[in-house]
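There are 2 protein chains.
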Amino acid sequence: MNSPHFSTKERILGAAEELFARNGFAGASLRELTATAKVNLAAVNYHFGSKDNLVNEVFRRRLDELSAHRLEALKAVQSKPDFTLEDILAAFIHPALLLTLDKSGGATFVRVLARAYAEHNERLRKFLSENYGHVLKEFAAAFGAQLPHLDKEELYWRIDIIAGALTYAMADFGVIKRRAAMSEKIHRERAAEHLIRFAAAGLRAE
Amino acid sequence: MNSPHFSTKERILGAAEELFARNGFAGASLRELTATAKVNLAAVNYHFGSKDNLVNEVFRRRLDELSAHRLEALKAVQSKPDFTLEDILAAFIHPALLLTLDKSGGATFVRVLARAYAEHNERLRKFLSENYGHVLKEFAAAFGAQLPHLDKEELYWRIDIIAGALTYAMADFGVIKRRAAMSEKIHRERAAEHLIRFAAAGLRAE
DNA sequence: TTATGATTCAAACGGTCGTTTGGTTTCCCT
DNA sequence: AGGGAAACCAAACGACCGTTTGAATCATAA
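Heads up: the protein sequence lines correspond to chains A and B, in order. Count the first sequence with our numbering and you get residues 1077 to 1282, in order. Count the second sequence with our numbering and you get residues 1077 to 1282, in order.
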């Protein structure tokens, strides 16, 4: 991650992802971060302006791609003659699953995402809402068309819960460590399947 | 919460619960905390020794009762002639549901619990494991008896995921705010029902 | 009333934080 | 080769952190 053939900005982003996942945003100091990335302390402020903005860029690097994949998958689903609620959910969940299986830090980033959910950071939430809120909106519209009995507010709330549960489930938050690295992919896929069934039932409720 | 008829220790614990839920453990400073509790800055170190120990006591105040309720419920289930996996899950989940419906800060505390999961704090995990690990062990034994095909490690891992999902689901982590306070109880009960079904399927898998 | 221990208080301590500065080095283009 | 922008660096700044101190205040029992 900190190999010399990566640029300073890339090394900082990589180290930030690791340390934010491990220690949280407030808990990761720029001194430890820059030491991990093998760059000068001032490099973060030079290249990113501030620590807050570095946090933003850590998200942008991954979420641009994730959002695009989700919207593509949704479009593909909607082009089919008949599609189910489960199909829409899969369009939302599978790209996240793919991200966790990414070789270079995808799983780490999902843990950072889970942090963001837990931290309730107003500034960060605003950034995510402004930059990726439209994805949530598209999916809300798709879900809403399948679930006419739900009003808009109720629908948004449930989608939000699902996004949170997904993030948490993918983030490996827990006390016990898993044993064989081999079956990790299968575990995650199973989790995604369960999640889709669970979320579909939750959305259809009432 | 900070009314003068509460003792200094109780006012500190109340303010700590609120601020830990809102800002995290590292994010809540003793200066803001003691100002909220309307006590002197030094009062935390005088009454609790350190900030770390204050964190412990915030958990102890709620978890002693929650753990007792869970073990009682488990015992009641096991005394029945025939009981299902869902019954055991209900013994684990319903006491947590009751806690969130508690009038004086129960819902706030569950958000603190969710923080603990997200923060991966080693010191705190050790404290929780040492003081409340036996509850998890009891439930693991009960689940294990129903699921002989799972080895111990796999079983612990799944229980851990369930505990995390429960905490997260109960903690109202999400972007969208819920509308009417009236239906909050019903929402939580629904969530608990879904969670039980979801977790039962997850445990039985493979 | 007075002595004693518990509690509260303002103030300060040492340390770490994010950020800024100003000088040095590196890189690239003419 | 030379000049100017970009990148890097050590050092320091002010702010805030958890904790400690020692004196002031309160409560209580002799």
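By construction, the Cβ of each residue, glycine as well, lies at the ideal position given by its N, Cα and C atoms.
- Under the three-state reduction of DSSP, leucine 1095 of chain A is assigned to helix.
- The beta carbon of glutamate 1214 of chain A sits no closer than 8 Å to any beta carbon of chain B.
- DSSP places aspartate 1236 of chain B in the helix class (H, G or I) of the three-state scheme.
- Along the region 1171-1202 of chain A, the positions whose C-beta sits under 8 Å from a C-beta of chain B are Ala1190, Arg1191, Tyr1193, Ala1194, Glu1195, His1196 and Arg1201, read in chain order.
- A buried status is given to asparagine 1197 of chain B, since no fewer than 16 other beta-carbon atoms sit within 10 Å of its beta-carbon.
- Against chain B, the beta carbon of histidine 1270 of chain A has neighbours under 7 Å at Phe1274, Ala1277 and Gly1278, listed in chain order.
- DSSP assignment within the region 1173-1234 of chain A yields the following whole alpha helix (DSSP H) runs of 4 residues or more, N-terminal first: 1182-1195 and 1198-1222.
- The alpha carbon of alanine 1218 of chain B has as its nearest neighbour, out of B:Ala1166, B:Ala1245, B:Val1134 and B:Asn1116, the alpha carbon of B:Ala1166.
- Sequence-distant partners of arginine 1137 of chain B (beyond 5 residues in either direction) whose C-beta falls short of 7 Å from its own C-beta, in its chain, are Leu1089.
- Taking a contact to require three or more Cβ pairs closer than 8 Å, the region 1127-1146 of chain A and the region 1084-1099 of chain A qualify as touching.
- Taking C-alpha positions only, glycine 1100 of chain B is separated from tyrosine 1122 of chain B by approximately 22 Å.
- Comparing C-alpha distances from phenylalanine 1203 of chain B to each of B:His1270, B:Leu1130 and B:Ala1102 shows the shortest one belongs to B:Leu1130.
- For the pair of segments examined, the region 1269-1279 of chain B was found to touch the region 1232-1241 of chain B: the number of CB pairs separated by less than 8 Å reaches three.
- Rounded to whole angstroms, the separation of the alpha carbons of lysine 1213 of chain A and lysine 1156 of chain A is 20 Å.
- 8 Å or more divides the Cβ of leucine 1173 of chain A from the Cβ of threonine 1243 of chain A.
- The Cβ atoms of phenylalanine 1168 of chain A and arginine 1146 of chain A lie closer than 8 Å to each other.
- In this structure, the beta-carbon distance from alanine 1097 of chain A to threonine 1184 of chain A falls below 8 Å.
- Assigned with DSSP and collapsed to three states, aspartate 1158 of chain B falls in coil, not helix or strand.
- Serine 1126 of chain B carries a coil assignment under DSSP once its states are collapsed to helix, strand and coil.
- About 32 Å separates the Cβ atoms of serine 1105 of chain B and valine 1211 of chain B, ruling out a contact at the 8 Å cut-off.
- If you look at leucine 1109 of chain A, you'll find it in the alpha helix (DSSP H) that goes 1106-1113.
- Take the alpha-carbon of valine 1115 of chain B and the one of aspartate 1128 of chain B: they are about 18 Å apart.
- Apart from sequence neighbours up to five positions away, the residues of its chain that approach alanine 1245 of chain B with a beta-carbon distance below 7 Å are Ala1267 and Leu1271, ordered along the chain.
- For the region 1102-1123 of chain A, the set of residues with a beta-carbon nearer than 8 Å to any beta-carbon of chain B comprises Ala1102 and Gly1103, in chain order.
- Per DSSP, the continuous alpha helix (DSSP H) segment holding phenylalanine 1274 of chain B begins and ends at 1260-1280.
- Residues of chain B with a Cβ closer than 7 Å to the Cβ of tyrosine 1244 of chain A are, in chain order, Gly1240, Ala1241 and Tyr1244.
- Annotated three-state conformation of phenylalanine 1101 of chain A is coil, per DSSP.
- Excluding sequence positions up to five before and after threonine 1112 of chain A, its CB lies within less than 8 Å of the CB of Asn1078, Ala1091, Glu1094 and Leu1095, all in the same chain and listed in chain order.
- At a cut-off of 8 Å, the C-beta of alanine 1281 of chain A has a neighbouring C-beta in chain B.
- The CB of glycine 1125 of chain B never comes closer than 9 Å to any CB in chain A; the least such distance is about 22 Å.
- Excluding five sequence positions before and after glutamate 1108 of chain A, the CB atoms of its chain that fall closer than 7 Å to its own CB belong to Leu1095, given in chain order.
- Of the residues B:Gly1103, B:Gly1181 and B:Leu1161, the one whose Cα lies closest to the Cα of proline 1224 of chain B is B:Leu1161.
- Cβ neighbours of valine 1134 of chain A within its own chain (closer than 8 Å, five residues either side excluded): Leu1089, Ala1092, Glu1093, Phe1096, Phe1185 and Val1188.
- Listed by position along chain A, the residues whose Cβ is nearer than 7 Å to that of arginine 1137 of chain B form an empty set, because the closest Cβ is around 21 Å away.
- In the same chain as tyrosine 1208 of chain B, and ignoring 5 residues on each side of it, the C-beta atoms closer than 7 Å to its own belong to Leu1139 and Ser1143, in chain order.
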